[in-house]
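S.K.: Numbering (my numbering), first residue to last: 5 to 503. First the structure, which I've put down as structure tokens, then a few questions once you've had a look.
Put into structure tokens, the structure is as follows:
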């Protein structure tokens, strides 16, 4: 992981946010190559889930949300993590992370003090949350150490910390003039459910997909871009008739595993966690967490696939009615006309169930980079670092390299080839005129460029072999094989390789 983080900084993938002022914990900026890779991951997700399906629509909802939305979705009351403070140094930690990071014998002592087994860690955390006074004593008695100082801490009682970012809306700061930066993109989909249905005439089953920023004021952001305060999500809310939800839940589990494989993240590196009932989110009927084996971190969540039942649309419809925004259609109907849809068989209004595949772009990027990062020993004994990214994800698809940067005829032809290739719509094509072909190859190995095209003196008819005029050398990133190809055939050659 340290080598990967170093590569990301050195080659312009990821920078610390506000770095010139000392950085801001939990915030990262994506550099010239990082933004390309990030956009390619999002494009691959959108292409698979929206363009290649006939039952999906797209959406881009507002980041700032009305406080009533997040109140009635349950986030105001439940979107929190337990935190504890160390009185010795005033450091604050998320309780479950603090305990999880202790040595095994310390965790066992905490579990025993709370009457739980260390093998069932979620139950240990639940017991700590339920008994704040006992929890504080358990942490002290077990000798829980502060991750910052390494010393045994003097711990406060755990208390909930709501992770939503609150913001003032408009010039007057009062109790009614605030909203929240959304903690998830899902609520924007639910509040636009009627708009999408009315404007597209969709019927069940169908989905709404969205990629966008979300904000979570994490107590202890950590592990590079894995746990951050500003994140980007790729989410689907797939609406289906009640009773068909379990079948669709399995459908989306398989679809998402297949998608990860296509991005270079193999199934063998992903464990499927059927989340225990006591650990389910407040809205979840059942959730599968895809746990990817990150380097150093071990198995951590890369995507959640939740069966949210009719919780969200049901909650919003009920609360709109209570607020007097709309009237109920029938006395015995648990919903209102605004957020219902005809059942595909009975044609009666129904609040649909929802299956939600939700992945983080940042975590996806970290997984893709982790799988692609490779160290190889060459035949000459030298070591090279190469990012073996899938071609459709590579930030730079082709680097066009003139053999000598001070020879105008080589540089001009290389630029012309670059411009022609760029028009093909393959992605970013780069003119690499550093002048050192060996260093150029090494650099493009490190950033994952699948193919390098070299324009040399043979290309312009000034080499020893006249038959090589109007040909270029194509170098394959993974095999290191080099092949001469006519300039006139170059576009077709690369399109076949990169499509």
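Even glycine gets a Cβ: it sits at the ideal position worked out from N, Cα and C.
Which complete alpha helix (DSSP H) runs does the region 330-405 hold, if anything under 4 residues is left out?
M.R.: With a minimum length of 4 residues, the continuous alpha helix (DSSP H) runs that stay inside the region 330-405 are 365-376.
S.K.: Is residue 368 a contact residue of the ligand GTP, with contact defined as CB to any heavy atom under 8 Å?
M.R.: Looking for the ligand GTP in the displayed structure turns up nothing, as the structure carries no ligands at all.
S.K.: Specify the secondary structure class of residue 311 as computed by DSSP and reduced to three states.
M.R.: DSSP places residue 311 in strand when its eight states are reduced to three.
S.K.: Is the region 386-399 touching the region 348-366, taking contact as three or more C-beta pairs under 8 Å?
M.R.: Result no; under three Cβ-Cβ pairs closer than 8 Å.
S.K.: How many angstroms separate the CA atom of residue 220 from the CA atom of residue 394?
M.R.: One C-alpha to the other measures close to 31 Å.
S.K.: Taking the alpha carbon of residue 148 as the point to measure from, which residue in 490, 168, 298 and 88 has its own alpha carbon closest?
M.R.: Answer by Cα proximity: 88.
S.K.: Taking only the alpha-carbon atoms, compute the straight-line gap between residue 501 and residue 492 and give it to the nearest angstrom.
M.R.: Approximately 16 Å between the Cα atoms of the pair.
S.K.: When DSSP labels each residue in this structure, what does residue 325 get in the three-state scheme?
M.R.: With a pLDDT of only 49 at residue 325, under the threshold of 50, the placement of this residue in the model should not be trusted; the figure read from the coordinates follows. Three-state DSSP puts residue 325 in a helix.
S.K.: So what's residue 503 in DSSP terms, helix, strand or just coil?
M.R.: It is coil, neither helix nor strand.
S.K.: Which residues mark the beginning and the end of the alpha helix (DSSP H) in which residue 194 is found?
M.R.: Start and end: 190-195.
S.K.: Quick one: which unbroken beta strand (DSSP E) runs of 3-plus residues sit fully inside the region 404-455? Chain order, please.
M.R.: Taking only runs of at least 3 residues, the beta strand (DSSP E) segments lying wholly in the region 404-455 are 433-435.
S.K.: On a CA-only basis, which of 247, 478 and 68 is nearest residue 358? Give me that one, please.
M.R.: Checked all of 247, 478 and 68; the closest Cα to residue 358 is 247.
S.K.: What are the partner residues of residue 295, as DSSP defines its beta bridges?
M.R.: The partner list for residue 295 (beta bridge, DSSP) reads 275 and 305.
S.K.: Using CA coordinates, which residue listed in 319, 105 and 210 is at the minimum distance from residue 252?
M.R.: Checked all of 319, 105 and 210; the closest Cα to residue 252 is 210.
S.K.: Tell me which residues share the same chain as residue 62 and place their Cβ nearer than 8 Å to its Cβ, disregarding the 5 neighbours each side in the sequence.
M.R.: Excluding positions up to five away in sequence, the list reads 50, 54, 212, 213 and 214.
S.K.: Output needed for residue 318: all residues of its chain with C-beta closer than 6 Å, excluding positions within five of it in sequence on either side, in chain order.
M.R.: Counting only Cβ-Cβ distances below 6 Å, and skipping sequence neighbours, we find 355.
S.K.: By the DSSP assignment, the beta strand (DSSP E) with residue 185 in it spans what residues?
M.R.: Taken as a continuous stretch (DSSP letters only), the beta strand (DSSP E) holding residue 185 covers 182-185.
S.K.: If we ignore side chains and look at the alpha-carbon of each, how far apart do residue 288 and residue 182 end up?
M.R.: The straight-line gap from Cα to Cα measures roughly 28 Å.
S.K.: Between which two residues does the alpha helix (DSSP H) harbouring residue 242 extend?
M.R.: Per DSSP, residue 242 belongs to no alpha helix (DSSP H); it is in the beta strand (DSSP E), 234-244.
S.K.: Looking only at C-alpha atoms, which of 64, 494, 291 and 180 sits nearest to residue 216?
M.R.: Comparing Cα-Cα distances from residue 216 to each of 64, 494, 291 and 180, the minimum goes to 64.
S.K.: Can you list, in chain order, the residues of its chain with a C-beta nearer than 7 Å to that of residue 415? Leave out the 5 residues immediately preceding and following it.
M.R.: Closer than 7 Å at Cβ, skipping near neighbours: 406, 409 and 437.
S.K.: Quick check: what's the CA-CA separation for residue 7 versus residue 431?
M.R.: Computed Cα separation, rounded: 27 Å.
S.K.: Do three or more CB pairs link the region 473-481 to the region 452-462 at distances below 8 Å?
M.R.: Yes, the region 473-481 touches the region 452-462.
S.K.: Determine the direct distance from the alpha carbon of residue 295 to that of residue 305, and round the result to whole angstroms.
M.R.: Taking the straight line joining both Cα atoms gives about 4 Å.
S.K.: Determine, using beta-carbon pairs with one atom in the region 142-158 and one in the region 110-124, whether at least three such pairs fall under 8 Å.
M.R.: Cβ pair count under 8 Å is three or more, so yes.
S.K.: Just to confirm, is the Cβ distance from residue 482 to residue 392 under 9 Å?
M.R.: Contact: yes.
S.K.: Tell me the DSSP bridge mates of residue 518?
M.R.: The displayed coordinates of the chain run from 5 to 503. Any statement about residue 518 would go beyond what the structure contains.
S.K.: Please classify residue 287: does DSSP put it in a helix, a strand, or coil?
M.R.: Three-state result, residue 287: coil.
S.K.: Would you please state the rounded distance, in angstroms, between the beta carbons of residue 185 and residue 68? I believe it to be under 8 Å.
M.R.: That pair is a contact at about 6 Å.
S.K.: Going by DSSP in three states, residue 166 sits in which element: helix, strand or coil?
M.R.: Three-state DSSP puts residue 166 in a strand.
S.K.: State the Cα-Cα distance for the pair residue 93 and residue 40, rounded to the nearest angstrom.
M.R.: Taking the straight line from one Cα to the other gives about 41 Å.
S.K.: Since residue 281 is in the alpha helix (DSSP H), which residue starts that stretch and which ends it?
M.R.: Run containing residue 281: none; DSSP gives neither H nor E here.
S.K.: Buried or exposed, going by whether 16 or more other CB atoms sit within 10 Å of the CB of residue 429?
M.R.: Under this definition residue 429 is an exposed residue.
S.K.: Hey, how far is the Cα of residue 312 from the Cα of residue 126?
M.R.: Approximately 21 Å between the Cα atoms of the pair.
S.K.: Roughly how many angstroms lie between the CA atoms of residue 341 and residue 74, to the nearest whole one?
M.R.: With a pLDDT of 41 at residue 341, under the threshold of 50, the modelled position of this residue cannot be trusted, and the question is left open.
S.K.: With DSSP as the reference, label residue 260 as helix, strand or coil.
M.R.: It is helical.
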